[in-house]
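Numbering (the UniProt record's numbering), first residue to last: 1 to 385.
Beneath this line is the structure, given in structure tokens, with notes to follow.
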């Protein structure tokens with residue numbers, strides 16, 4: 001049982017302050033500066049930004065933090081990114097609204113070390129809840145989030161569950177996505193699609209709670225997670241099951257984000273082969289004008305594109321072959337997705353949107369064979385799932 005009450009064996013607050021300072025001293029390569037979210041990904045933030053010293057000192061005096069703070073713990077102390085000051089308007093709810101003496105005066109977060117340190121995780125068919133939560137969040141509740149007297153509002157608890165789940169999926173997404181590079185700007189965002197909460201008992205406030213979150217499984221763009229809230233006596237006060245969905249990002253959007261984050265501009269076309277959440281294969285070529293997009297696809301698929309009509313040469317564009325169904329005998333459709341256009345390009349945009357080729361001879365079965373050949377030649381790149 002985890003008791004979150006002051007430890008009578010601690011002689012004074014000086015003891016917990018010394019413990020907190022010793023813990024901070026063991027945390028190397030920390031950077032005490034504002035986060036520039038465009039230049040640091042989520043894992044970078046967890047690895048480099050120290051937690052709030054006041055919160056660490058506060059929780060170091062409570063027995064409930066001991067299992068996570070000792071040297072043999074499978075958890076590493078981290079900063080809750082949404083509580084740290086940034087240069088934009090993100091995370092304002094947790095960073096400012098709920099970061100006051102009367103709301104959440106202190107928070108302390110932990111992550112399982114293997115998640116933070118490994119880029120090749122074995123995660124399938126594992127009961128993460130039984131192994132231990134992936135993310136642990138200790139929260140000092142003030143009375144500013146009350147519903148009934150001395151009782152935390154259910155919406156406040158839901159927000160804490162959702163935030164802890166968000167930290168969990170963000171960590172896993174970065175470590176599981178082969179496409180992760182130096183910046184989170186190039187990665188598809190994930191959003192809460194469903195959050196089912198079962199409230200077992202009221203949560204007293206002011207008081208201390210512990211939030212656990214763990215990853216269950218992933219199916220394409222769908223992420224399934226679980227979470228629960230423990231009270232100061234270690235008993236479960238609320239449980240949650242959640243579904244998060246990663247946004248469907250086009251290759252052209254990825255390229256634009258990559259160019260913005262890297263400060264460079266792509267001078268060649270990129271080809272990507274991937275399957276959507278329903279298992280339908282796609283072959284995509286994206287690039288700026290005069291980079292050979294149409295020629296590449298025509299060479300691979302023998303489908304001609306209206307290059308002479310200047311539909312593919314005046315602006316960044318994406319050309320896609322998409323299976324209409326997982327059924328192998330059905331035809332494949334070819335579509336064009338334009339990049340940003342100016343107002344004078346309205347007529348051209350209309351023609352692009354009308355462009356659609358349905359190739360009867362280019363069936364889904366042939367499509368899969370083409371993608372296999374492209375991947376075997378080293379051209380295929382699984383940018384998204």
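Here a beta-carbon is modelled for each residue, glycine too, at the ideal position from N, C-alpha and C.
With DSSP collapsed to three states, give me the class of residue i.
i	result
residue 113	helix
residue 68	helix
residue 139	strand
residue 101	coil
residue 60	helix
residue 131	helix
residue 172	helix
residue 45	helix
residue 79	coil
residue 233	coil
residue 146	strand
residue 73	coil
Are the beta-carbon atoms of residue i and residue j separated by less than 8 angstroms?
i	j	result
residue 229	residue 43	no
residue 226	residue 216	yes
residue 223	residue 133	no
residue 109	residue 69	no
residue 73	residue 115	no
residue 241	residue 221	no
Cα separation between residue i and residue j?
i	j	result
residue 111	residue 149	33 angstroms
residue 107	residue 96	13 angstroms
residue 117	residue 53	24 angstroms
residue 77	residue 147	31 angstroms
residue 98	residue 104	6 angstroms
residue 196	residue 162	10 angstroms
residue 113	residue 190	23 angstroms
residue 243	residue 159	15 angstroms
residue 193	residue 235	28 angstroms
residue 219	residue 102	40 angstroms
residue 130	residue 75	15 angstroms
residue 56	residue 65	9 angstroms
residue 85	residue 93	12 angstroms
residue 140	residue 88	26 angstroms
residue 35	residue 62	Reliability of the predicted coordinates at residue 35 is poor, the pLDDT of 41 falling under 50, and no value is obtained from them.
residue 152	residue 59	20 angstroms
residue 67	residue 206	23 angstroms
residue 185	residue 233	Note that residue 185 scores 48 on pLDDT, short of 50, meaning its location in the model is unreliable and no value can be drawn from it.
Return the residue from the list the options that minimises the CA-CA distance to residue i.
i	options	result
residue 156	193, 167, 209, 116	209
residue 204	63, 145, 50	145
residue 239	164, 102, 116	164
residue 142	154, 100, 134	100
residue 46	68, 247, 221, 168	168
residue 81	55, 74, 49, 89	49
residue 201	220, 237, 71, 189	237
residue 231	211, 89, 86, 131	211
residue 166	91, 55, 154, 219	91
residue 199	94, 154, 219	154
residue 135	79, 151, 94	79
residue 83	152, 58, 59, 51	51
For residue i, which beta-bridge partners are listed by DSSP?
i	result
residue 106	140
residue 151	204
residue 226	214, 241
residue 192	244
residue 219	222
residue 85	Paired residues: none, contrary to the question.
residue 160	Residue 160 is not bridged to any residue.
residue 198	239
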